[in-house]
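Shown next, in structure tokens, is the structure this report addresses.
Protein chains: 2
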Amino acid sequence: MVLRNILESNEADAAVNRDFFTRKKIATVNMMSSPGSGKTELIGKTIDILSSELNVGVIEGDICTSMDSERLASRGIQVVQINTEPFGGDCHLEASMVKGAASLMDLGRLDLIFVENVGNLVCPAEFDLGVDSNVVVLSVTEGEDKPLKYPLMFRTCDLCILSKTDLLGVLDYNADTARMHVLKINPRIEIIELSAKTSSGMDGWISFLKNLVFIKKNSNCSRHTPAGE
Amino acid sequence: MVLRNILESNEADAAVNRDFFTRKKIATVNMMSSPGSGKTELIGKTIDILSSELNVGVIEGDICTSMDSERLASRGIQVVQINTEPFGGDCHLEASMVKGAASLMDLGRLDLIFVENVGNLVCPAEFDLGVDSNVVVLSVTEGEDKPLKYPLMFRTCDLCILSKTDLLGVLDYNADTARMHVLKINPRIEIIELSAKTSSGMDGWISFLKNLVFIKKNSNCSRHTPAGE
Numbered sequence: 640m641v642l643r644n645i646l647e648s649n650e651a652d653a654a655v656n657r658d659f660f661t662r663k664k665i666a667t668v669n670m671m672s673s674p675g676s677g678k679t680e681l682i683g684k685t686i687d688i689l690s691s692e693l694n695v696g697v698i699e700g701d702i703c704t705s706m707d708s709e710r711l712a713s714r715g716i717q718v719v720q721i722n723t724e725p726f727g728g729d730c731h732l733e734a735s736m737v738k739g740a741a742s743l744m745d746l747g748r749l750d751l752i753f754v755e756n757v758g759n760l761v762c763p764a765e766f767d768l769g770v771d772s773n774v775v776v777l778s779v780t781e782g783e784d785k786p787l788k789y790p791l792m793f794r795t796c797d798l799c800i801l802s803k804t805d806l807l808g809v810l811d812y813n814a815d816t817a818r819m820h821v822l823k824i825n826p827r828i829e830i831i832e833l834s835a836k837t838s839s840g841m842d843g844w845i846s847f848l849k850n851l852v853f854i855k856k857n858s859n860c861s862r863h864t865p866a867g868e
Numbered sequence: 640m641v642l643r644n645i646l647e648s649n650e651a652d653a654a655v656n657r658d659f660f661t662r663k664k665i666a667t668v669n670m671m672s673s674p675g676s677g678k679t680e681l682i683g684k685t686i687d688i689l690s691s692e693l694n695v696g697v698i699e700g701d702i703c704t705s706m707d708s709e710r711l712a713s714r715g716i717q718v719v720q721i722n723t724e725p726f727g728g729d730c731h732l733e734a735s736m737v738k739g740a741a742s743l744m745d746l747g748r749l750d751l752i753f754v755e756n757v758g759n760l761v762c763p764a765e766f767d768l769g770v771d772s773n774v775v776v777l778s779v780t781e782g783e784d785k786p787l788k789y790p791l792m793f794r795t796c797d798l799c800i801l802s803k804t805d806l807l808g809v810l811d812y813n814a815d816t817a818r819m820h821v822l823k824i825n826p827r828i829e830i831i832e833l834s835a836k837t838s839s840g841m842d843g844w845i846s847f848l849k850n851l852v853f854i855k856k857n858s859n860c861s862r863h864t865p866a867g868e
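Respectively, the protein sequence lines represent chains A and B.
What the first sequence shows, in my numbering, is residues 640 to 868, in sequence order.
What the second sequence shows, in my numbering, is residues 640 to 868, in sequence order.
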């Protein structure tokens with residue numbers, strides 16, 4: 640009952656975010672994963688590639704510390720840190736936090752905002768942030784079975800990135816099995832395999848983002864796949 | 640307010656578990672980590688080593704699926720699966736779930752029970768299960784910064800296992816930095832580096848467990864480090 644009220648209140652805030660970012664024509668991507676899947680590294684490398692064409696900002700979610708936002712801000716981009724510790728150490732971001740963070744940014748200068756969620760393969764999937772795309776990053780070191788064991792996350796996302804593929808040669812990992820498990824949970828999800836370290840596979844991800852920005856700039860309708868639906 | 644009531648109710652159940660396992664003289668270990676850190680693999684290898692000396696059981700926590708419990712049960716040991724999906728897909732185990740699972744086991748034949756928690760580096764640390772030891776498994780693939788970013792987990796545990804050390808040669812990972820971060824959060828925590836794959840470092844872990852079982856068999860007092868304290 641209580642959880643339901645929290646989710647309903649979050650849903651209302653997410654709708655506000657969705658309208659707001661649509662009016663501002665800023666594409667927004669919610670990056671979710673277990674701790675240590677390489678989200679920050681991937682976002683950093685992505686910004687390096689996109690910086691000549693697009694203005695990218697980051698809303699960085701962590702329980703505590705500002706290490707990740709400092710890593711990203713060193714590129715001269717806009718980064719706003721959300722620490723959930725004052726909110727009871729929340730294990731996820733909520734739409735109201737994203738709204739508050741966005742209000743601190745110079746939005747007129749942005750084409751794309753990454754929201755890097757708290758590292759957690761469970762709870763963030765329950766909270767719609769009102770963004771255009773929910774992306775789950777699953778490191779190949781985590782094994783092939785995770786989509787079956789954490790299905791809500793994979794059901795909620797429209798893109799699954801299988802990251803750290805540079806390690807494939809030293810792991811007992813079957814990429815076909817992993818893909819099969821992802822698609823069993825969500826047959827409509829897109830899958831991209833990449834290594835932020837070697838840049839292998841980054842092209843598909845960059846195309847995905849450019850497409851998202853193009854749609855946002857040229858339409859009044861946003862592409863919704865709210866978390867929790 | 641509501642969270643506090645849940646935690647207080649859990650604390651009462653944890654106290655019941657603690658008394659119960661002390662009377663039964665069964666050592667209990669709560670294994671926590673991010674998804675994919677290698678908990679199940681480590682528990683399996685540990686049972687293979689200990690099986691000639693100790694009777695080991697497992698309480699296996701997952702949101703859904705019984706893949707991990709099947710992997711472990713194939714060794715002919717007692718395994719009880721807890722799926723949290725009927726509890727709203729809970730992202731952690733609670734003491735009452737452990738109590739219920741233990742009631743399904745033939746406890747007279749057990750020396751040691753592993754509780755494998757849901758893969759999540761945040762929420763499980765908030766829920767005391769009434770066990771003897773809380774152990775966090777942190778894969779070296781997750782990076783050195785996780786103790787600083789998820790401090791409650793490392794504060795709650797009395798042992799940190801740095802796992803998958805067979806991958807050290809191919810990672811940009813500084814083991815000294817990782818150890819320093821773990822000890823910064825919890826100066827009293829024990830640290831063991833190991834690879835379940837190659838068995839390197841397993842000796843220290845096996846000694847830790849044998850010591851726990853010895854203390855439990857020979858004392859009416861349990862070694863408490865409740866989660867959440």
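No residue lacks a Cβ here, since even glycine has one placed at the ideal position from N, Cα and C.
Minimum Cβ-Cβ distance from residue i to chain A less than 7 Å
i, result
"Thr816 (chain B)", "no"
"Cys762 (chain B)", "yes"
"Glu781 (chain B)", "yes"
"Val697 (chain B)", "no"
"Cys799 (chain B)", "no"
"Thr704 (chain B)", "yes"
"Val809 (chain B)", "yes"
"Cys796 (chain B)", "no"
"Asp767 (chain B)", "no"
Beta strand (DSSP E) segment containing residue i, residue limits
i, result
"Ser772 (chain B)", "Ser772 to Ser778"
"Leu751 (chain A)", "Leu751 to Glu755"
"Glu832 (chain A)", "Glu829 to Glu832"
"Val718 (chain B)", "Gln717 to Asn722"
"Leu806 (chain A)", "Taken as a continuous stretch (DSSP letters only), Leu806 (chain A) belongs to no beta strand (DSSP E), as it is neither H nor E."
Cut-off 6 Å between Cβ atoms - residues of its own chain near residue i, not counting five sequence neighbours on either side
i, result
"Ser735 (chain A)", "Asp652"
"Gly843 (chain B)", "Ile831"
"Lys684 (chain A)", "Ala835"
Enclosing alpha helix (DSSP H) for residue i [first to last residue]
i, result
"Asp707 (chain A)", "Met706 to Ala712"
"Ser735 (chain B)", "Ala734 to Ala741"
"Asn669 (chain A)", "No alpha helix (DSSP H) holds Asn669 (chain A); the beta strand (DSSP E) holding it covers Ala666 to Ser672."
"Asp701 (chain B)", "Note, Asp701 (chain B): premise wrong, no alpha helix (DSSP H); beta strand (DSSP E) at Val695 to Asp701."
"Leu848 (chain B)", "Met841 to Lys856"
"Leu791 (chain B)", "Pro790 to Thr795"
Cβ of residue i within 7 Å of any chain B Cβ
i, result
"Thr804 (chain A)", "no"
"Pro674 (chain A)", "yes"
"Lys823 (chain A)", "no"
"Val754 (chain A)", "no"
"Leu787 (chain A)", "yes"
"Ser701 (chain A)", "It should be noted that the sequence gives Asp, not Ser, for residue 701 (chain A). Taking Cβ atoms only, chain B reaches closer than 7 Å to Asp701 (chain A), which makes this a yes."
"Asn591 (chain A)", "A query on residue 591 (chain A) cannot be resolved here, the shown segment of chain A reaching from 640 to 868 and no further."
"Asp784 (chain A)", "yes"
Cβ-heavy atom distance, residue i to the ligand PLP, below 6 Å
i, result
"Glu829 (chain B)", "The ligand PLP is absent from the structure shown, which contains no ligand whatsoever."
Alpha carbon of residue i to alpha carbon of residue j, nearest angstrom
i, j, result
"Lys856 (chain B)", "Leu693 (chain B)", "12 Å"
"Ala712 (chain B)", "Lys785 (chain B)", "32 Å"
"Glu781 (chain A)", "Lys849 (chain B)", "29 Å"
"Thr679 (chain B)", "Phe659 (chain A)", "44 Å"
"Ser802 (chain B)", "Ser673 (chain B)", "12 Å"
"Asn656 (chain B)", "Gly715 (chain A)", "53 Å"
"Ile800 (chain B)", "Ile688 (chain A)", "37 Å"
"Cys796 (chain B)", "Ile828 (chain B)", "7 Å"
"Val775 (chain A)", "Asn759 (chain A)", "10 Å"
"Ser742 (chain B)", "Ile698 (chain B)", "11 Å"
"Gly808 (chain A)", "Gly739 (chain B)", "42 Å"
"Val754 (chain A)", "Ile845 (chain A)", "16 Å"
"Asn649 (chain B)", "Phe847 (chain A)", "45 Å"
"Asp745 (chain A)", "Ile645 (chain A)", "29 Å"
"Lys823 (chain A)", "Asn813 (chain A)", "15 Å"
Contact set for residue i: own chain, Cβ-Cβ below 8 Å, skip 5 residues either direction
i, result
"Gly840 (chain B)", "Thr804, Ile831, Glu832, Leu833 and Ser834"
"Gly675 (chain B)", "Gly758 and Ser778"
"Thr816 (chain B)", "Glu783"
Residues near residue i by beta carbon distance below 7 Å, same chain, minus five either side
i, result
"Asn756 (chain B)", "Asn669, Met670, Met671, Gly700, His731, Leu732 and Pro763"
"His820 (chain B)", "Glu783, Asp784, Pro786 and Leu787"
"Ser664 (chain A)", "Before going further, note that residue 664 (chain A) is Lys rather than Ser in the sequence given. Excluding sequence neighbours, Lys664 (chain A) sits near Lys855 and Lys856."
"Thr864 (chain A)", "Low confidence applies here, because Thr864 (chain A) scores a pLDDT of 49, under 50, leaving its location unreliable; read the following figure in that light. Excluding positions up to five away in sequence, the list reads Ser772, Asn773 and Asp797."
*Three CB pairs or more closer than 8 Å across the stretch 669-678 of chain A and the stretch 759-772 of chain A*: yes
*For the stretch 694-706 of chain B and the stretch 785-797 of chain A, state whether three or more C-beta atom pairs, one from each stretch, are separated by less than 8 Å.*
yes
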